[in-house]
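Notes to accompany the following structure.
Residue numbers (our numbering): 1004 to 1151.
Structure below.
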């Protein structure tokens, strides 16, 4: 396991413990812990998870676009998570022209989702995260990504 992944997992564990402590409130850090949990099987396949991540809160039906520079020759996974276990989330990746570019092996499993991209060219891409359903008025989310 790389030193950077160990650092990310350590920070996530601390955030998770703090977020679930008595009197603690759910947060983007909690959501990040779930996004990292979704990434775990891919780390075993050689993906390096970046320390930086995006997060926030959205109402059900709301979307957020995240711009990311991707490089031809790399392979990427984007993982989305939330601490609201009954929520349904999704993540999709589009090129600068608005064309869906993710591979067909992307997935959505309740409060986790993943999108796989092998860019045909280097450039700016847009990762769209959505809280499709949630019992909460606002749902925290976090998006992490890895490459190889």
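Backbone N, C-alpha and C fix where the C-beta goes; we use that ideal spot for every residue, glycine too.
For this session: To the nearest angstrom, report how far apart residue 1031 and residue 1143 are at their CA atoms.
Result: As a working mapping, residue 1031 is identified with position 28 in the chain shown. As a working mapping, residue 1143 is identified with position 140 in the chain shown. Each residue's Cα considered, the two are about 5 angstroms apart.
Exercise. For residue 1112, is the classification buried or exposed, using 16 other Cβ atoms within 10 angstroms of its Cβ as the cut-off for buried?
Worked result: By 1-based counting over the chain shown, the position of residue 1112 is 109. By the neighbour-count rule (16 or more Cβ atoms within 10 Å), residue 1112 is not buried but exposed.
For this session: Please list, in chain order, all residues of the same chain as residue 1122 whose beta carbon is under 6 angstroms from its beta carbon, the five residues on each side excluded.
Result: On the chain shown, position 119 is the one that residue 1122 refers to. 1073 and 1075.
Exercise. Skipping 5 residues on each side, what residues in its chain have a beta carbon closer than 6 angstroms to that of residue 1093?
Worked result: As a first step, residue 1093 is located in the chain shown; it is residue number 90 there, counting from the start. Within the same chain, residue 1093 has close Cβ partners 1111, 1116, 1133 and 1135.
For this session: Just the C-alpha distance for residue 1024 and residue 1052, rounded to the nearest angstrom, thanks.
Result: As a first step, residue 1024 must be located in the chain shown, where it is residue number 21. As a first step, residue 1052 must be located in the chain shown, where it is residue number 49. Because the pLDDT at residue 1024 is just 35, under 50, the model does not fix this residue reliably, and the value given afterwards should be weighed accordingly. Between residue 1024 and residue 1052, the C-alpha separation is close to 26 angstroms.
For this session: Can you give me the Cβ contacts of residue 1124 inside the same chain, cut-off strictly under 7 angstroms, excluding the 5 residues immediately before and after it?
Result: For this step, residue 1124 is matched to residue 121 along the chain shown. Closer than 7 angstroms at the Cβ level, and outside the excluded window around residue 1124, lie 1075.
Exercise. Does the separation of the CB atoms of residue 1035 and residue 1145 fall below 8 angstroms?
Worked result: For this step, residue 1035 is matched to residue 32 along the chain shown. For this step, residue 1145 is matched to residue 142 along the chain shown. Yes, they are a contact pair.
Problem set entry | Under the three-state DSSP convention, the category residue 1025 falls into | If you number the chain shown from 1, residue 1025 lands on position 22. Residue placement at residue 1025 is flagged as unreliable, the pLDDT there being 34, under the threshold of 50; the coordinate-derived value follows with that caveat. Note: residue 1025 maps to coil in three-state DSSP.
Problem set entry | Unbroken beta strand (DSSP E) run spanning residue 1118, endpoints | Looking up residue 1118 in the chain shown gives position 115. Run containing residue 1118: 1115-1120, per the beta strand (DSSP E) assignment.
Exercise. Of the residues 1081, 1127, 1079 and 1080, which one's Cα is nearest the Cα of residue 1102?
Worked result: Within the chain shown, the letter at position 99 stands for residue 1102. Per the Cα distances, 1127.
Problem set entry | Spatially closest choice to residue 1066 from 1129, 1033, 1048 and 1038, by CA coordinates | Along the chain shown, one-based indexing puts residue 1066 at 63. Here the closest residue by C-alpha is 1129.
Exercise. Quick one: is residue 1089 buried, meaning 16 or more other Cβ sit within 10 Å of its Cβ, or exposed?
Worked result: Taking the chain shown and counting its residues from 1, the one referred to as residue 1089 is at position 86. So residue 1089 ends up on the exposed side.
For this session: Name the one or two DSSP bridge partners that residue 1127 has.
Result: As a working mapping, residue 1127 is identified with position 124 in the chain shown. In the DSSP output, where bridge partners are listed per residue, residue 1127 has 1072.
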